[in-house]
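Here the structure is laid out as structure tokens; the discussion comes afterwards.
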Amino acid sequence: MARTKAVQQPDLVLITWSRNPLVSGSARRIVSFRVIGSSYPCQNSLKVGGLLVNALACLRDNDVGFKIVYRQMTSSISGVILLKRSR
Numbered sequence: 079m080a081r082t083k084a085v086q087q088p089d090l091v092l093i094t095w096s097r098n099p100l101v102s103g104s105a106r107r108i109v110s111f112r113v114i115g116s117s118y119p120c121q122n123s124l125k126v127g128g129l130l131v132n133a134l135a136c137l138r139d140n141d142v143g144f145k146i147v148y149r150q151m152t153s154s155i156s157g158v159i160l161l162k163r164s165r
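In this note's numbering, the protein residues as written are 79 to 165.
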């Protein structure tokens with residue numbers, strides 16, 4: 079009988095972000111995030127209150143391999159981003 083291998087599941091990172099509505103042009107900050115699988119080596123850049131640009135820079139690095147698969151503004155000052163890495 080042949081052996082079957084389990085299919086590797088992708089790593090997913092869901093980030094919700096918001097800007098300060100009282101400061102024009104303020105940076106996008108992480109409000110919450112959820113990791114399914116692993117976000118290695120970017121765990122330190124994913125923190126509530128952290129800058130979204132720093133987290134995306136780490137996750138989208140060529141060596142890490144995450145790609146944005148969904149991006150949506152939920153209001154004029156907030157939104158959601160879903161990133162996926164296939165192993």
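Heads up, the beta-carbon is just placed ideally off N, CA and C, and yes, glycines get one too.
Looking only at R165, R163, K162 and S154, the smallest Cα-Cα distance to S102 is reached by S154. The DSSP-derived three-state label of L124 is coil.
Per DSSP, the beta bridge partners of G157 are W95 and M151. Minimum Cα-Cα distance from Y148 among the listed residues V109, S164 and L92 corresponds to L92. With fewer than 16 other CB atoms across the displayed protein chains lying within 10 angstroms of its CB, S116 is exposed. For V101, there is no enclosing alpha helix (DSSP H), since its DSSP letter is neither H nor E.
Beta-bridge annotation (DSSP): F111 is paired with I93.
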